[in-house]
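Everything below concerns the one structure shown next.
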Amino acid sequence: MQLNGARILIECLIREGVNIIFGYPGGSVLDIYDELPQYGEQLRHVLVRHEQAAVHAADGYARATGKVGVCMATSGPGATNTVTGIATAYCDSIPMVIFTGQVPTGLIGNDAFQEVDIAGITRPCTKHNYVVKDVKDLAKVVRQAFYLARSGRPGPVLVDLPKNVLQGSAEFVWPEDVSLRSYNPTYRPNYAQIRKVVDALYNAERPLLFGGGGVIMSNASEEFRNLAKNLSIPVTCSLMGLGAFPCDHPQWLGMLGMHGTYAANKAVSNADLLIAVGVRFDDRVTGRLSSFAPKATIVHIDIDPTSIHKNVNVRIPVVGDCRNSLVAIREHLAAREPLPWKERFAAWQGQLDEWRQEQPITWTPGETTIKPQEVIKAVDKITEGKAILTTEVGQHQMWAAQLYNFTEPRTLLTSGGLGTMGYGFPAAIGAQFAYPNKLVIDVSGDGSFQMNLQELITAVSNKLPVKVLLLNNGCLGMVRQLQDLFYGGRLNAVDIPDQPDFVKLAEAYGAEGYRVAKLEDLESTLRTAFASPNTAIIDVIVERDENVYPLYPPGLRWTKCCCCKNFGGGNPSANGFPPFQGASPFLPFFQPWGGRSEGRFKSANAYWNGGCAEKP
Numbered sequence: 059m060q061l062n063g064a065r066i067l068i069e070c071l072i073r074e075g076v077n078i079i080f081g082y083p084g085g086s087v088l089d090i091y092d093e094l095p096q097y098g099e100q101l102r103h104v105l106v107r108h109e110q111a112a113v114h115a116a117d118g119y120a121r122a123t124g125k126v127g128v129c130m131a132t133s134g135p136g137a138t139n140t141v142t143g144i145a146t147a148y149c150d151s152i153p154m155v156i157f158t159g160q161v162p163t164g165l166i167g168n169d170a171f172q173e174v175d176i177a178g179i180t181r182p183c184t185k186h187n188y189v190v191k192d193v194k195d196l197a198k199v200v201r202q203a204f205y206l207a208r209s210g211r212p213g214p215v216l217v218d219l220p221k222n223v224l225q226g227s228a229e230f231v232w233p234e235d236v237s238l239r240s241y242n243p244t245y246r247p248n249y250a251q252i253r254k255v256v257d258a259l260y261n262a263e264r265p266l267l268f269g270g271g272g273v274i275m276s277n278a279s280e281e282f283r284n285l286a287k288n289l290s291i292p293v294t295c296s297l298m299g300l301g302a303f304p305c306d307h308p309q310w311l312g313m314l315g316m317h318g319t320y321a322a323n324k325a326v327s328n329a330d331l332l333i334a335v336g337v338r339f340d341d342r343v344t345g346r347l348s349s350f351a352p353k354a355t356i357v358h359i360d361i362d363p364t365s366i367h368k369n370v371n372v373r374i375p376v377v378g379d380c381r382n383s384l385v386a387i388r389e390h391l392a393a394r395e396p397l398p399w400k401e402r403f404a405a406w407q408g409q410l411d412e413w414r415q416e417q418p419i420t421w422t423p424g425e426t427t428i429k430p431q432e433v434i435k436a437v438d439k440i441t442e443g444k445a446i447l448t449t450e451v452g453q454h455q456m457w458a459a460q461l462y463n464f465t466e467p468r469t470l471l472t473s474g475g476l477g478t479m480g481y482g483f484p485a486a487i488g489a490q491f492a493y494p495n496k497l498v499i500d501v502s503g504d505g506s507f508q509m510n511l512q513e514l515i516t517a518v519s520n521k522l523p524v525k526v527l528l529l530n531n532g533c534l535g536m537v538r539q540l541q542d543l544f545y546g547g548r549l550n551a552v553d554i555p556d557q558p559d560f561v562k563l564a565e566a567y568g569a570e571g572y573r574v575a576k577l578e579d580l581e582s583t584l585r586t587a588f589a590s591p592n593t594a595i596i597d598v599i600v601e602r603d604e605n606v607y608p609l610y611p612p613g614l615r616w617t618k619c620c621c622c623k624n625f626g627g628g629n630p631s632a633n634g635f636p637p638f639q640g641a642s643p644f645l646p647f648f649q650p651w652g653g654r655s656e657g658r659f660k661s662a663n664a665y666w667n668g669g670c671a672e673k674p
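Just so you know, the sequence shown maps onto residues 59 to 674 in the numbering used here.
Written as structure tokens, this is what we have:
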């Protein structure tokens, strides 16, 4: 069957199971847009208002469903506008295929109108990319692109399509099989290594299970939960792993790392066995590498062999799919003599419970203002942890991670690796397309939301009931917090004094707008907005100077709590801090620090002095 390149592309997408594509037209891809109407609802195109949003929407769709997200942009600036979204997906291992238009092959390299080497630009932030030079290769390339995107460690794959390739004709032959000689992911783990993991479990007294995004991406959450519950092992997760284990379970310690809980970080410091599943051991989790999990035999399970030993020295490496590896551990355990696991680890669990009670995540309720933590807890109460939450990046992201009880995987969609402001709202649109009957909430800040607010019309025109929960503090909160604490309180370029009226903005786009300025109005307004079938912005005016706690300063030793007696062994200079000068040495670490005048310190080692009322 002879088809032009544009038809071949669409036929390939349908055979890959694609039913939605996010995009923005332009001259180089008009042949595709000319063919799309013939396919009707078989392949739905969603017109976004910026190409970056197209990639983020495809990303949100992929995270929420586990399927490959698909988006499209024209050549030149259309293609370059996708780069931030591609890098976001790459850092978090999200399966996506991005199609970009290109000038005709005969003009490549001639500085033609809207020509750019998008393959070269995106090479560092894609799993692979292609420039299709011959229409006869198109079907094979598309088949390979989807295979690469979803297999092994998932990631974005870019396919660049010159205009003459889309216009040319060839016999359409769908390649059923995909074979790439140099690409053979290891899905089944080495059983000798699995035996070592099981032996380590039988010898452990203080084990800890640590889950990352790989648990969710490999659909291993059920096996992950079963291993923890059956052996009574306490659990922590990275930001990307939230939802892999229910946050309301007694074995849950909270998130690990820089903004993680005291109990989780203490557990890592004292565990004798750390089983890490699908994690990257990034710097926000580990702090100073030489001090990370100093007492533990570290097991690292990951499908990507290059991730193992990359940051942390691992005693027992297991290369394989996370789910397959956890199944293998379960089977090996079943073949061994059972132990009374709950009784064996009872003392360890008791110690962890003490740490959890000793330093919970808490805050002081506002007297005249709404604290952002109260907003997240209200959302958790109303939704019972069953909504899909997307986030932008900043303080609100951390509060959502800390305080919302995620009970299922694929319910937190957030930019973890790249930290992309403007991600959350388009991602929420993608998730809402995937699940039109679920409550999808973008937890946002007033700064982040303004980076892609034009997508309000995308949500409204498609009748999506997406909710934007705006924690409006009138500034770039995380930047302000860092300047307050680490730059002597010298605030610069953080205030946003000339904000739009977000209620009127919502109405201008045809959405609903709500404003909450009093705590007593919060819950009722949220319930009303969440129940609405329409796109809505809930503008909640929150305390400007509230900080995210705990905060373990980056690059330092996190093996002990950031409190005066434990952080760095009671020696600020050991952590690279200058001698403490300024405010009282006993300011509460897990509580707000009173006000701006009290919260501004001359050096970052104010953290060294916070957290407990006991002298070093």
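Just so it is clear, CB atoms sit at the ideal spot from N, CA and C, and this is done for glycine as well.
Alpha carbon of residue i to alpha carbon of residue j, nearest angstrom
| i | j | result |
| --- | --- | --- |
| residue 27 | residue 383 | Outside the shown range of the chain, which is 59 to 674, sits residue 27, and nothing can be said about it. |
| residue 400 | residue 130 | 52 angstroms |
| residue 458 | residue 449 | 8 angstroms |
| residue 313 | residue 590 | 32 angstroms |
| residue 475 | residue 108 | 22 angstroms |
| residue 505 | residue 432 | 20 angstroms |
| residue 410 | residue 329 | 10 angstroms |
| residue 138 | residue 559 | 31 angstroms |
| residue 62 | residue 221 | 11 angstroms |
| residue 365 | residue 323 | 22 angstroms |
| residue 388 | residue 280 | 12 angstroms |
| residue 285 | residue 568 | 48 angstroms |
| residue 595 | residue 585 | 13 angstroms |
| residue 111 | residue 413 | 42 angstroms |
| residue 379 | residue 477 | 26 angstroms |
| residue 653 | residue 424 | At residue 653, the pLDDT of 34 sits below 50, so the modelled position is not reliable and the matter cannot be decided from this model. |
| residue 180 | residue 572 | 40 angstroms |
Proximal residues to residue i (C-beta, below 7 angstroms), its chain only, five neighbours per side dropped
| i | result |
| --- | --- |
| residue 233 | 197, 198 and 201 |
| residue 83 | 91 and 132 |
| residue 338 | 270 and 365 |
| residue 385 | 281 |
| residue 492 | 119, 122 and 123 |
Nearest-angstrom beta carbon gap, residue j and residue i [assumed within contact, 8 angstroms]
| i | j | result |
| --- | --- | --- |
| residue 498 | residue 454 | Actually they do not touch by this definition, with Cβ atoms about 16 angstroms apart. |
| residue 140 | residue 158 | 7 angstroms |
| residue 218 | residue 177 | 5 angstroms |
| residue 52 | residue 532 | The structure shown does not extend to residue 52, since the chain is modelled only from 59 through 674, so no value can be given for it. |
| residue 304 | residue 465 | 4 angstroms |
| residue 161 | residue 173 | 5 angstroms |
| residue 66 | residue 228 | 7 angstroms |
Local conformation of residue i per DSSP, three classes
| i | result |
| --- | --- |
| residue 627 | Only weak support is given to the placement of residue 627: the predicted model assigns it a pLDDT of 31, under 50, and the value that follows is read from those uncertain coordinates. Residue state, collapsed to three classes: helix. |
| residue 421 | coil |
| residue 160 | strand |
| residue 24 | This structure cannot settle anything about residue 24, because the visible part of the chain is limited to 59 through 674. |
| residue 247 | coil |
| residue 268 | strand |
| residue 572 | strand |
| residue 508 | coil |
| residue 468 | coil |
C-beta atoms of residue i and residue j nearer than 8 angstroms
| i | j | result |
| --- | --- | --- |
| residue 128 | residue 76 | yes |
| residue 456 | residue 480 | no |
| residue 293 | residue 269 | yes |
| residue 344 | residue 373 | no |
| residue 276 | residue 336 | yes |
| residue 271 | residue 299 | yes |
| residue 370 | residue 350 | yes |
| residue 68 | residue 94 | yes |
| residue 391 | residue 331 | no |
| residue 206 | residue 186 | yes |
| residue 440 | residue 530 | no |
| residue 523 | residue 593 | yes |
| residue 333 | residue 273 | no |
| residue 442 | residue 106 | no |
| residue 527 | residue 437 | yes |
Cutoff 6 angstroms; reference residue i; Cβ partners in own chain excluding five residues on either side
| i | result |
| --- | --- |
| residue 473 | 146, 451 and 481 |
| residue 104 | 80 |
| residue 363 | 377 |
heavy atom of the ligand NAP below 7 angstroms from residue i C-beta
| i | result |
| --- | --- |
| residue 497 | Within the structure as shown, the ligand NAP is missing, as the structure has no ligands at all. |
Same chain only: Cβ atoms within 8 angstroms of residue i, ignoring 5 sequence neighbours per side
| i | result |
| --- | --- |
| residue 675 | Absent from the model: residue 675. The displayed extent of the chain is 59 to 674, so no value can be given. |
| residue 550 | 541 |
| residue 239 | none |
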